[in-house]
Each structure stands twice: as C-alpha cells, then as structure tokens.
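Chemist:
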Ligand code: SAM
Ligand code: SF4
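In our numbering, the protein residues as written are 5 to 507.
1. Quick one: does residue 235 have its CB under 8 Å from some CB of chain E?
2. Going by Cα to Cα distance, which pick from 270, 393, 126, 471 is closest to residue 349?
3. At a cut-off of 7 Å, would you count residue 178 as near ligand 3, judging by its Cβ distance to the nearest heavy atom?
4. Assign residue 249 to one of three DSSP states: helix, strand, or coil.
5. What is the rounded straight-line gap between the Cα of residue 135 and the Cα of residue 155?
6. Mapping DSSP to helix, strand and coil, what is residue 371?
7. Confirm, please, whether the CB-CB distance from residue 192 to residue 168 is below 8 Å.
8. Using DSSP with H/G/I as helix, E/B as strand and the rest coil, what is residue 459?
9. How big is the Cα-Cα spacing for residue 505 and residue 466?
10. Between the Cα of residue 149 and those of 86, 346, 336, 104, spot the shortest distance and give me the residue it belongs to.
11. Apart from the five residues on each side of it in sequence, which residues of its chain come closer than 7 Å, Cβ to Cβ, to residue 275?
12. According to DSSP, what are the bridge partners of residue 150?
13. Check the C-beta distance from residue 463 over to residue 435 and give it rounded, since I have them as a contact under 8 Å.
14. With a 10 Å radius around its C-beta and 16 neighbouring C-beta atoms as the bar for buried, classify residue 269 as buried or exposed.
15. Kindly confirm or deny that the stretch 311 to 327 and the stretch 278 to 292 touch, where touching means at least three C-beta pairs closer than 8 Å.
16. Nearest to residue 201 by CA position, among 277, 157, 247, is which residue?
17. Looking only at its chain, what residues have a beta carbon closer than 6 Å to the beta carbon of residue 520, apart from the 5 residues adjacent to it on each side?
18. Could you pull the start and end residues of the alpha helix (DSSP H) that residue 194 belongs to?
19. CA-CA distance, residue 342 and residue 304?
20. Report the option in 179, 215, 216 whose CA atom is closest to the CA atom of residue 203.
21. Which of helix, strand or coil does DSSP assign to residue 377?
22. Who pairs with residue 493 in a beta bridge, going by DSSP?
23. Need the endpoints of the beta strand (DSSP E) that residue 218 sits in, please.
24. Which of the three DSSP states, helix, strand or coil, is assigned to residue 105?
25. Less than 8 Å between the C-beta atoms of residue 301 and residue 263, yes or no?
26. Could you check which residue in 273, 311, 247, 493 has the C-alpha nearest to that of residue 450?
27. Cβ-heavy atom distance between residue 155 and ligand 2 below 7 Å?
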C-alpha cells in the first residue's frame with residue numbers, strides 16, 4: 005500500500021523546524037508541515053484493495069486536471085476536531101491540484117472552518133465574511149464549513165451573498181462533489197445533511213504537526229446536553245472501523261509520527277462497527293502496540309462512559325498517556341440535571357476515585373460552565389468545592405452562552421453577563437491557587453518530554469509531558485525538536501513548569 009510524504013511550503017499559521025530526513029530518508033531542510041498520502045477504503049466498513057487502487061488512479065487524474073485550479077486559503081476556528089477536519093479538507097484540496105497560500109488576498113478559494121460552540125466563536129466568521137463584498141469578490145470562491153455552516157445553513161447566502169459553498173462537517177465526505185459543483189460555476193452549493201452513518205476519511209491529510217498526529221475515531225454526538233449545539237451541528241454519533249484506524253496508525257508510525265491523539269466529542273463512547281467489536285480500551289492498547297508509536301492520547305472523555313477497563317489499560321501500557329480530560333461542567337447535581345449531563349456530582353466523584361485508584365498517577369483536567377440558567381450561589385459554591393475535592397491539573401472554564409437549537413434556550417432565570425463574569429473570575433482564581441500549589445510540589449521531579457517548541461531565546465525549548473504539562477526548559481543540545489528528552493523541573497508558574505534537561 006503506497007505511502008507518501010510531500011513537503012508543503014505553507015503551514016497553518018505555525019512553523020516547526022524539522023529534519024525531513026527523519027520522515028523520508030532524504031536530506032534535511034525546514035518544512036511547515038507534512039502531507040501524508042494514505043490510501044483507505046471509502047466506507048466505514050473497509051474497501052477492497054481493488055477499490056483502493058481505483059481511488060488512487062482516479063485521484064491521480066484528478067490532481068492533473070486540477071493543476072490549474074488555483075490557490076486556497078483555509079482558516080480554522082474552534083476545537084482540535086475542527087483543526088483535524090481542516091487537515092483533511094486541505095488534503096482533499098491539495099489532491100485536486102490546489103496550492104495552499106497564507107493569505108486570503110492571494111487565494112482563488114477562501115474557506116472558513118467555523119465553530120459555533122459559543123456565540124463569540126460564531127460571530128467571528130461573520131466578521132471575516134464582512135471583509136468581502138460583492139464587488140470586490142469577482143472570480144473568487146468563498147465557502148463556509150463546519151458548525152456555523154450547519155447551524156445557519158442557507159441563511160448564510162442571505163447574510164453574505166458572495167458565499168457560494170456552505171457545508172457542515174457531516175457532509176465532508178461529499179466535499180469532492182461539492183467542490184466540483186462550485187468549480188463548475190454553481191453559486192449556491194450546500195452540504196447540510198446530517199442524517200448520515202459515514203465518517204470523513206481522506207486519501208490525503210495535510211498534517212500540521214510533524215510529530216503528533218490527530219485521528220478522529222468517532223464523529224457526531226448522541227448525548228443531549230441541554231446547552232450544547234454539537235449534536236445539531238455535527239449530527240449523530242458514528243464510529244470509524246477499528247481496522248481502518250489501526251491501518252492509519254501504522255502508516256503514521258512509518259511516516260515518523262511518534263504520538264497519536266484519538267479524537268471524538270465523546271471519544272470513549274467509541275463503538276467499533278466491524279465484527280471485531282473492539283472496546284475503546286482494546287483499541288487504545290492496539291494503537292499503542294503499533295511499532296514506532298511512543299505516546300497515545302485521547303480526548304474528550306464523557307464521564308458516563310468512562311469505565312474501569314480504560315484505567316486498567318493506562319496502568320498496563322505506559323505508552324498510553326497518563327492524562328484524562330473529563331469535563332464535569334458543574335459541581336451541582338441540580339445544575340447537572342438541568343444540563344442533562346447523565347450523571348450526578350457523586351457519580352462523577354466516583355469516576356474520579358476510580359482514576360485516582362490507578363497504579364500510575366493520572367492527571368485529570370476538566371471543562372466547567374458558569375452561569376447556566378438558574379444557577380444559584382449555592383450551586384456555584386458546590387462547583388468551587390468540587391475543585392477542592394478533585395484538585396484538577398488544569399481547567400477550561402466558560403460563561404454559559406445560549407445557542408440556537410438547544411433546549412436550554414427556552415429556560416428562564418437567566419444570569420446577567422456581569423454576574424457570569426464574576427463567577428468565572430472566582431472559579432479561575434480558585435483553580436489558579438490549586439494549580440500553583442500542585443506545580444510547586446513537582447519541583448525537583450524528572451519528566452520525559454516530547455520537544456515541540458524552540459524559543460527565540462538561545463537554548464530554550466518546550467515540550468509536553470505524558471501527563472500533558474508544558475515544561476519550558478533549557479538545554480545546551482541542538483536540534484531537539486521532535487525528540488524525547490528527560491527534564492528536571494526547577495521552577496513553577498500556575499500554567500507551566502520550568503526545567504533543565506537532565507543529563
Ligand atoms: N463533548 C465534550 C464533553 O461533553 O465534555 C465537550 C465538547 S464542547 C466542544 C467543549 C466545551 O465547550 C464543553 O465541555 C463545554 O464546557 C463548553 N460549552 C459547550 N456548549 C457551551 C455553551 N452553550 N456555553 C458555554 N460553554 C459551552
Ligand atoms: Fe455537547 Fe454534551 Fe455531546 Fe459534549 S457530550 S458534544 S457537551 S452534547
């Protein structure tokens with residue numbers, strides 16, 4: 005099965021120094037990213053070798069036809085799943101013969117991959133679209149992808165008539181056909197169907213990070229949290245075939261990726277659609293078994309589907325990173341019920357005890373929403389006391405934002421923006437104290453880091469531990485990017501650690 009790596013001049017706003025010889029066996033020079041050509045079956049349940057061959061031939065012709073198609077600019081908003089969707093969308097465009105550029109000014113195709121999880125995120129794309137006008141836009145194709153596309157649908161054409169493609173993530177598998185329609189001059193092309201059991205698999209993925217590769221293993225969401233627009237924008241839950249996932253992992257390892265991160269809105273709700281019926285924990289162990297893979301991450305886990313076998317797998321296999329992102333959303337059972345989160349405070353704490361009972365120390369991070377309709381001071385006090393009880397290693401906190409098509413939109417007893425800000429500040433102050441104290445206990449400890457950043461300051465580098473902490477460290481060694489090194493912690497801040505490479 006052919007595997008290819010091409011170099012790409014344009015990164016998605018991030019640059020990395022990387023020795024290409026590590027990937028290709030060729031000579032070293034600097035690239036922004038790698039394009040991985042992997043050939044897969046087209047459907048969830050695998051395609052035959054003959055089918056894969058036919059797709060290869062077809063895409064070769066497609067690339068030749070598309071050689072004159074022009075340039076594309078793709079900007080991404082939102083979560084890691086959107087980042088990875090964009091890597092695959094870019095792969096589709098590159099295989100059609102487009103070239104990626106860094107600015108919309110020099111692009112013939114401009115795409116925005118959008119996020120609508122909160123109002124602010126959704127507004128961003130309309131401000132971007134406002135920068136174009138009908139008159140200025142002659143000859144350029146503008147498209148809106150992702151959650152805002154799904155949420156607003158054809159309304160986008162009314163608000164911004166210069167847009168000609170609106171496509172939600174559940175329709176990405178149809179992207180080549182939709183692009184063909186746009187290229188043929190169709191001014192109103194939509195992909196808005198969410199009634200699908202397909203996952204988005206591409207032959208080419210233009211990966212943004214040369215060491216860590218994202219892999220979406222489950223798309224959509226079947227939970228129904230009352231504040232969340234994701235089930236509406238991303239459609240029903242659908243899992244990718246385990247053999248297709250494992251094949252891609254092996255290909256990634258062959259390409260030189262040593263860390264893979266499995267993605268899903270509820271990654272641990274994974275249900276293998278093949279007769280193997282691999283459990284999520286079995287899939288984790290199988291991914292870790294791929295030769296060349298040193299670290300396996302997964303996010304985001306839903307507490308209700310977090311079972312003991314996942315903890316056992318982390319205990320058994322050191323390549324599984326000792327970090328679990330387990331969003332709680334609120335510490336009050338009353339609010340959790342209103343949020344339709346399917347667990348109580350006590351049930352959540354039971355999961356925490358299970359994770360803390362592991363032989364390896366597993367770091368735990370979370371998401372919390374403050375100012376949900378009807379949240380009282382007592383409810384907030386319960387969330388603050390949950391932080392004390394769990395002592396999270398990190399927290400992402402949000403002010404509740406009413407979203408279209410969600411049940412909480414109809415709820416009364418709304419909290420003012422001012423009060424939401426006050427509650428958020430209280431929460432963040434508490435977490436800051438917890439993190440500062442926790443980080444101070446780590447001074448003197450040694451960690452293995454995957455080095456992923458080089459500071460402009462001489463001999464300063466940064467990387468992530470297996471438990472997903474960032475350490476900024478000094479080293480006299482050169483060319484550390486992409487390498488694993490031992491670092492001793494010498495100092496702490498609330499958000500990161502400082503260290504020196506250990507000899
Ligand atoms: N599927 C993940 C889960 O259930 O934990 C979360 C996915 S969501 C993209 C990321 C986070 O955004 C959520 O955990 C929640 O804290 C936050 N979020 C989602 N909807 C929100 C809303 N309407 N207002 C504020 N924050 C929201
Ligand atoms: Fe949204 Fe809840 Fe699904 Fe997470 S589990 S994506 S918060 S509906």
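All residues carry an ideal CB built from backbone N, CA and C; glycine is no exception.
Modeler: In short:
1. The chain inventory of the structure shown lacks chain E, comprising one protein chain alone.
2. Stepping through the chain shown from its first residue, residue 349 is reached at position 345. Nearest of 270, 393, 126, 471 to residue 349, Cα basis: 393.
3. Only ligand 1 and ligand 2 can be found as ligands here, which leaves ligand 3 out of the picture.
4. Working through the chain shown from its first residue, we reach residue 249 at position 245. Three-state result, residue 249: helix.
5. The residue labelled residue 135 in the question sits at position 131 within the chain shown. The residue labelled residue 155 in the question sits at position 151 within the chain shown. Whole-angstrom Cα-Cα distance: 21 Å.
6. Numbered from its first residue, the chain shown carries residue 371 at position 367. In this structure, DSSP gives residue 371 an extended state, which the three-state scheme calls strand.
7. One-based indexing of the chain shown puts residue 168 at position 164. One-based indexing of the chain shown puts residue 192 at position 188. Closer than 8 Å, so yes.
8. On the chain shown, residue 459 is found 455 positions in, with the first residue counted as 1. It is coil, neither helix nor strand.
9. Within the chain shown, the letter at position 501 stands for residue 505. Within the chain shown, the letter at position 462 stands for residue 466. Taking the straight line joining both Cα atoms gives about 11 Å.
10. Within the chain shown, the letter at position 145 stands for residue 149. Comparing Cα-Cα distances from residue 149 to each of 86, 346, 336, 104, the minimum goes to 86.
11. Residue 275 sits at position 271 when you count from the first residue of the chain shown. Scanning its chain for C-beta atoms nearer than 7 Å, with the 5 sequence neighbours on each side dropped, one finds around residue 275 the residues 243, in chain order.
12. Within the chain shown, residue 150 is the residue found at index 146, counting from 1. In the DSSP secondary-structure assignment, residue 150 is bridged to 118.
13. Within the chain shown, the letter at position 459 stands for residue 463. Within the chain shown, the letter at position 431 stands for residue 435. Residue 435 and residue 463 do not touch by the CB rule: their CB atoms are close to 32 Å apart, not below 8 Å.
14. Position 265 of the chain shown, counting from 1, holds the residue named residue 269. Buried is the call here.
15. Taking a cut-off of 8 Å for Cβ pairs, the stretch 311 to 327 and the stretch 278 to 292 touch, as three or more such pairs fall below it.
16. What you label residue 201 is simply residue 197 of the chain shown in a count that begins at 1. Ranking the options by Cα distance to residue 201, first place goes to 277.
17. Summary: the structure shown does not reach residue 520, with the chain confined to residues 5 through 507, and so no result is reported for it.
18. The sequence position of residue 194 within the chain shown is 190, counting from 1. It is not in any alpha helix (DSSP H) - residue 194 instead sits in the beta strand (DSSP E) that spans 193 to 195.
19. Your numbering for residue 342 matches position 338 in the chain shown. Your numbering for residue 304 matches position 300 in the chain shown. Distance between the alpha carbons of residue 342 and residue 304 is about 21 Å.
20. Along the chain shown, one-based indexing puts residue 203 at 199. Comparing Cα positions, the closest option is 179.
21. As a first step, residue 377 must be located in the chain shown, where it is residue number 373. In this structure, residue 377 counts as coil in the three-state DSSP scheme.
22. Here residue 493 corresponds to residue number 489 of the chain shown, with the count starting at 1. Answer is 503, bridged to residue 493.
23. For this step, residue 218 is matched to residue 214 along the chain shown. From DSSP, the beta strand (DSSP E) with residue 218 extends over 216 to 220.
24. Along the chain shown, read from residue 1 onward, the residue named residue 105 stands at position 101. Taken through DSSP and simplified to helix, strand or coil, residue 105 comes out as coil.
25. In the chain shown, counting from the first residue as 1, residue 301 sits at position 297. In the chain shown, counting from the first residue as 1, residue 263 sits at position 259. Cβ distance < 8 Å, so residue 301 and residue 263 count as in contact.
26. Indexing the chain shown from 1 puts residue 450 at position 446. The residue with the shortest Cα to Cα distance from residue 450 is 493.
27. Position 151 of the chain shown, counted from the first residue, corresponds to residue 155. Not under cutoff, so the answer is no.
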